[in-house]
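Student: Just so we're aligned: 472 in the numbering used here is position 21 of the sequence shown, and the numbers increase by one with no gaps anywhere.
This is the structure, below, for whatever I ask next.
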Amino acid sequence: MPTAMSTLKKIVLGITITVFTFIATYRIIVLEPTKGLSTEVAFYAIIKNSGCIVCHNSQGQLPYYANWPIVGKKIRESIAKGVEEIDVKRLWLIHLSKERIDSAALTKIERAIEQGHMPPFSYTILRPGSALNKKSKIIIKEWIEVERERLLPLEEGL
Ligand code: HEC
452 MPTAMSTLKK IVLGITITVF TFIATYRIIV LEPTKGLSTE VAFYAIIKNS GCIVCHNSQG
512 QLPYYANWPI VGKKIRESIA KGVEEIDVKR LWLIHLSKER IDSAALTKIE RAIEQGHMPP
572 FSYTILRPGS ALNKKSKIII KEWIEVERER LLPLEEGL
């Protein structure tokens, strides 16, 4: 049955393309952020993808679901608490303007990443791919190292 076969082939081809497109996008966002990207660009992609700049952003807009029952209340509380702890978006803006970032803030991020409790489980459970994988953690650490070295001459008064 040639027609049935070609329909099946089309379906298989369609699924294959969809799956490959999905994998390619996923790899770019989550798995291979360094491929062809600088640490800086990869770092920003990670803090965006992992929600750091959703919950740690005093200037940010609330997510669209902030008014939904249950999840909305939870995210509003997390953002309020998160901003109180640290403003990651502000640190990023300081970085872009080439100003000095408080090194205690860098250490705070480093610790949170090492301890593995950021982003919170309540966030990652609802957003596949937002948890930090090994590679993302390495890139965050790399960025912190580069940032520290950049700050060193400033701190030594050179
Ligand atoms: C769903 C909101 C949310 C997301 C997403 C999130 N945080 Fe947090 N973060 C919080 C809250 C709430 C606290 C304070 C209480 C706690 O530790 O749970 C916090 C605390 C922190 C602290 C303070 C020290 C500590 O370890 O408690 C740092 C640093 C931090 N977060 C960094 C990050 C980074 C980096 C990311 C992204 C990889 C991130 N957070 C993602 C909500 C969030």
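Note that the Cβ used here is the ideal one computed from N, Cα and C, for glycine as well.
Of the residues N518, R562, T458, I537, which one's Cα is nearest the Cα of I552?
Tutor: I537
Student: Should A493 be listed as close to the ligand HEC, given that the test is whether its C-beta is under 6 angstroms from any heavy atom?
Tutor: It does not: the Cβ of A493 is nowhere closer than 6 angstroms to a heavy atom of the ligand HEC.
Student: By the DSSP assignment, the alpha helix (DSSP H) with I576 in it spans what residues?
Tutor: Unbroken run through I576: none, as it is neither H nor E.
Student: Could you tell me the boundaries of the alpha helix (DSSP H) in which I504 lies?
Tutor: 503-506
Student: V492: which of I590, L459, N518, V463 sits nearest, CA to CA?
Tutor: I590
Student: Using a Cβ-Cβ cutoff of less than 6 angstroms, which residues in the same chain neighbour C503 once the five nearest sequence positions on both sides are dropped?
Tutor: V539
Student: According to the Cβ coordinates, are C506 and S489 closer than 7 angstroms?
Tutor: no
Student: Would you call the CB atoms of S573 and V534 closer than 7 angstroms?
Tutor: no
Student: Judging by CA-CA distance, which residue of G465, V522, I466, L602 is the nearest neighbour of E550?
Tutor: L602
Student: How far does the alpha helix (DSSP H) with L488 in it extend, from its first residue to its last?
Tutor: Per DSSP, L488 belongs to no alpha helix (DSSP H) and is neither H nor E.
Student: Let's test the definition: count the other Cβ atoms within 10 Å of the Cβ of S548 and tell me whether it reaches 16, buried, or not, exposed.
Tutor: Label assigned to S548: exposed.
Student: What separation, rounded to the nearest whole angstrom, lies between the Cα atoms of G465 and P579?
Tutor: 23 angstroms
Student: Which one of M456, V522, G523, E561 has the shortest CA to CA distance from V597?
Tutor: E561
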